[in-house]
Amino acid sequence: MKQLKKQCLTFTLALLMMLTLSVPAIATDTTVYDEPVAEEYQGYDPMADYEDYTNQELLECGGVAGQINVKYNGKCIQFTDVIPEIKNDRTMVPMRAVVETLGIQVEYLGDQTVELVDGDTVIHLKAYETVATVETAEGIEEITMDSASYISNDRTYVPLRFVSEALGYDVFWDGMYRTVVIMDKEAMIQDINETFSVLNLFYVSQMSKQKEMNQIETGTFDLDVELAEAVAASAPIDALNIDGEFETHTTNSAATVEMTVDFGQIVDLVDMYAPMFFASSDIDEAEKARMEALIEDLKENLKDSDFAYKMSKDGKLYFKAELVDIFMLMSETFTEEELGDAWYLMDGYYGMKNMEIPETLGEFAYMYLELMQNSMQSSFDAYEVWMEIRDGALLWVGDDTFELKNDRYVWEMDKAELIELMAKMDPDMDEAYMQEEAEAIKQADIRFRFKEDGAFDLLLDVEMEDEYNHTTFNYDVEANAYSDFTVDYDIVIENEYQNININLDIDATMRGTEALFTVDVEDVVEVTFTVDTKIQQVDYEPDMTIPDTANIIDIMDLQ
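For the sequence shown, our numbering assigns the number 1 to the initial residue and increments by one for each residue that follows.
Encoded structure:
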């Protein structure tokens, strides 16, 4: 019976997503295939394959399979006589091999005490003691470590995470590779800022506006979805409208949103599908009455749904939604008494512990790397992917790709230059395939110009055609130094099966924004989304208080 209610919750959520995105329902093939395993796959062990892959990756960066490795600047540190160890769930490393690789001075002071010096930071560690002394420009601090250093085979072992973080490095543990990844945050940020100094000028000019942001924006939005006749014939409804109004208060360190949404015809769908669940269930009359009452609440809420959220720069996001409350009651996750005045918490979701706007391009790039560290589940791979992105971006928007003309930095590319760049991005690409890709580009005119005061314009005019599709991209953006900007964006995709037109028009000033977004998939669906807002600059902070009566529910506890 409880499972049935959870299915009801799942169905309702899926229904909302399906209709909001206007995706026609497609029957799922639930056939169970009981075919014999092909001879070449018998006894196949995918984990052994993966272990071979990780071992090869370790080998290529100087690591050793089967032991704890330490990776820094893309290379594994070489340990000649003794190797890292795991003691009490902490990575302990031979001190000299690691700290000297990091460029840190080491001095043995006697009495089993060592001194580590890195610029203005000095650390004193004594073997078998958990208290370390850290001296910086701000003063001297005694810190209690969770693991003490020790001596083994005439080598001093130190807790890697404590030492690295005390000296300003970031440390990540990758369990799949059994590797500690050390990153020099300051050096990596400096590298991006210097390597992409021209693009960093543009970034800084744009972010300077964000730092000064303190505005209230009120507006309305309207989403219309209309299915083509042939599609509508097999769908529960032929059109959908969702509209609402909102108010946001945004600064560079906090944001609040209040929103009311009318989900339109979804109420009709609840009426249509709810009886099916009851007809196929064996719940008693009391439980049926409870569920029917909740469904009535759901229908009323869909006609007039209130949402609110408050987000601070430390990554804490609190949101409140009666629609979510109803789902919680439907699935019996909570009773009404347990739910109370529910506010839901997402704390540092996906590693976003500090939402303060990065001031430079390097800080933004490093923040992106930190997000990758949390989302990819492999710090070893995340670093490699990030470096590939960096090296690829160097070809696209490195300093050499810009030219200073009068008072504007200009980046331009035509068809021949685009083809040449594609070849540089993948020098190992098959020549025949490269020729095919080059022939598909019929027209290319790309231009990006900006001034240090923040004014910029971007033009993208590309036409591509191969044996499958004929596609044109037209993207024209212009903004002045005061954040007034216009956007005209058109994509047309044509093939023997489908014609798709996508258009986005935005006209934004410091006083408000008008936006129109349309998607027309011929003989399938037409979607129109409009937004109209008014902006008011204010001199007070968003109200971030949560009511004293609130019941804080951590989303992570529900998983």
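Glycine residues also receive a C-beta, built at the ideal position from the N, C-alpha and C atoms.
query = Looking only at DSSP bridge pairs, what is Phe-485 linked to?
reply = When DSSP reads this structure, Phe-485 sits in a beta bridge with Ala-479, Ala-508.
query = With which residues is Arg-155 paired in a DSSP beta bridge?
reply = Answer is Ser-152.
message = Would you say Ala-239 lies against chain E (beta-carbon separation less than 8 Å)?
response = The structure shown contains no chain E, having only a single protein chain.
request  = Would you give the residue range spanned by the beta strand (DSSP E) that Lys-451 belongs to?
outcome  = Here Lys-451 belongs to no beta strand (DSSP E), and DSSP marks it neither H nor E.
task = Might you give, ordered along the chain, the residues of its own chain that have their beta carbon closer than 7 Å to the beta carbon of Tyr-44, omitting 5 neighbours on each side?
result = At Tyr-44 the pLDDT is 45, less than 50, meaning the model places this residue with poor confidence; the figure from the coordinates comes in the next sentence. There are no such residues.
Element boundaries [beta strand (DSSP E), containing Leu-102] = For Leu-102, there is no enclosing beta strand (DSSP E), as DSSP marks it with neither H nor E.
request  = Evaluate contact between the segment 487–494 and the segment 467–478, counting only Cβ atoms and requiring at least three cross-stretch pairs below 8 Å.
outcome  = Yes, they touch.
request  = Classify Met-110 as buried or exposed, calling it buried when 16 or more other Cβ atoms lie within 10 Å of its own Cβ.
outcome  = Strictly speaking, residue 110 in this sequence is Gly, with Met absent from that position. With fewer than 16 Cβ atoms within 10 Å of its Cβ, Gly-110 is classed as exposed.
ask   = Does DSSP put Gly-63 in a helix, a strand or coil?
value = DSSP places Gly-63 in coil when its eight states are reduced to three.
ask   = In or out: Ala-416 buried (at least 16 other Cβ within 10 Å) or exposed?
value = The residue in question, Ala-416, is exposed, as its Cβ has fewer than 16 Cβ neighbours within 10 Å.
task = Starting from Gly-264, trace the beta strand (DSSP E) both ways and give me its first and last residue.
result = Unbroken run through Gly-264: none, as it is neither H nor E.
ask   = Based on the DSSP secondary-structure assignment, which residues constitute the bridge partners of Leu-345?
value = Looking at the DSSP assignment, Leu-345 forms a beta bridge with Tyr-318, Asp-554.
message = Looking only at its chain, what residues have a beta carbon closer than 7 Å to the beta carbon of Ile-555, apart from the 5 residues adjacent to it on each side?
response = Within the same chain, Tyr-344, Leu-345, Met-346 come within 7 Å of Ile-555 by CB-CB distance, once the 5 residues on both sides are set aside.
ask   = Are there 16 or more other CB atoms within 10 angstroms of the CB of Pro-275, so buried, or fewer, so exposed?
value = Pro-275 sits exposed, since fewer than 16 C-beta atoms from the chains shown fall within 10 Å of its C-beta.
query = Roughly how many angstroms separate the alpha carbons of Ile-441 and Val-462, rounded to a whole number?
reply = Straight through space, the alpha carbons of Val-462 and Ile-441 are spaced by roughly 8 Å.
Contained alpha helix (DSSP H) runs [length at least 4] in the segment 69–153, N- to C-terminal order = Fully enclosed alpha helix (DSSP H) runs of 4 or longer: 95–101.
task = Could you name each continuous alpha helix (DSSP H) segment of 4 residues or more that falls completely within the segment 379–434, going from the start of the chain to the end?
result = As for any alpha helix (DSSP H) of minimum length 4 sitting wholly inside the segment 379–434, the runs are 379–397, 415–425, ordered along the chain.
request  = Could you check if Met-291 is buried or exposed, using at least 16 other CB atoms within 10 Å of its CB as the buried criterion?
outcome  = Sixteen is the threshold: when 16 or more other Cβ atoms of the shown chains lie within 10 Å of the Cβ of Met-291, as they do, the residue is buried.
query = Among Gly-62, Asp-243, Glu-85, Thr-91, which residue has its Cα nearest to the Cα of Ile-570?
reply = As displayed, the chain neither begins before 1 nor continues past 559, which places residue 570 out of reach and without an answer.
Residues near Asp-407 in its chain [Cβ-Cβ closer than 7 Å; skip 5 each side] = Excluding residues within five positions, the ones whose Cβ falls inside 7 Å are Lys-451.
ask   = Taking C-beta to C-beta, are Leu-558 and Thr-333 nearer than 8 Å?
value = It is a contact, given that the beta carbons lie within the stated cut-off.
query = Anyone know if the C-beta pair for Glu-226 and Val-525 falls short of 8 Å?
reply = Contact check for Glu-226 against Val-525 passes: the beta carbons are separated by less than 8 Å.
message = Within 10 Å of its beta-carbon, does Ser-164 have 16 or more other beta-carbons around it, so buried, or fewer, so exposed?
response = So Ser-164 ends up on the buried side.
query = Is the number of C-beta pairs between the segment 535–551 and the segment 259–274 that are closer than 8 Å three or more?
reply = Contact fails: fewer than three Cβ-Cβ distances are below 8 Å.
Assigned exposure category for Val-385 - 16 Cβ within 10 Å defines buried = With fewer than 16 Cβ atoms within 10 Å of its Cβ, Val-385 is classed as exposed.
query = Along the chain, where does the beta strand (DSSP E) that runs through Tyr-309 open and close?
reply = Run containing Tyr-309: 305–312, per the beta strand (DSSP E) assignment.
query = Given that a residue counts as buried once 16 or more other Cβ atoms are within 10 Å of its Cβ, and exposed if not, what is Gln-435?
reply = Flag for Gln-435 reads exposed.
query = Leaving out five residues before and five after Gly-145 in sequence, what residues of the same chain have Cβ atoms less than 8 Å from its Cβ?
reply = Strictly speaking, residue 145 in this sequence is Met, with Gly absent from that position. The beta carbon of Met-145 is closer than 8 Å to those of Thr-130, Val-131, Ala-132, Pro-159, Phe-162 in its chain, skipping five residues each way along the sequence.
task = Could you pull the start and end residues of the beta strand (DSSP E) that Thr-195 belongs to?
result = Note, Thr-195: premise wrong, no beta strand (DSSP E); alpha helix (DSSP H) at 185–195.
ask   = Which whole-angstrom value describes the C-beta separation of Ala-127 and Tyr-150, a residue pair presumed to lie in contact below a C-beta threshold of 8 Å?
value = Right, their Cβ atoms sit about 6 Å apart.
inquiry  = DSSP three-state label for Met-176, please.
reply    = Coil, per DSSP.
key: Top-ranked residue by Cα proximity to Leu-404, from Thr-113, Glu-431, Leu-199, Leu-323   = For Leu-404, the nearest C-alpha among the options comes from Leu-199.
key: Per-residue burial, Gln-373 [other beta carbons within 10 Å of its own, 16 or more giving buried]   = Looking at its Cβ environment, which holds 16 or more other Cβ atoms inside 10 Å, Gln-373 is buried.
ask   = Do you know offhand how far Tyr-560's Cα is from Ile-68's?
value = Because the chain here runs from 1 to 559, residue 560 falls outside it and cannot be looked at.
ask   = In whole angstroms, what is the alpha-carbon distance linking Ser-375 and Gln-56?
value = Roughly 23 Å separates the two Cα atoms.
request  = Please classify Tyr-409: is it buried, with 16 or more other beta-carbons within 10 angstroms of its beta-carbon, or exposed?
outcome  = Result: buried.
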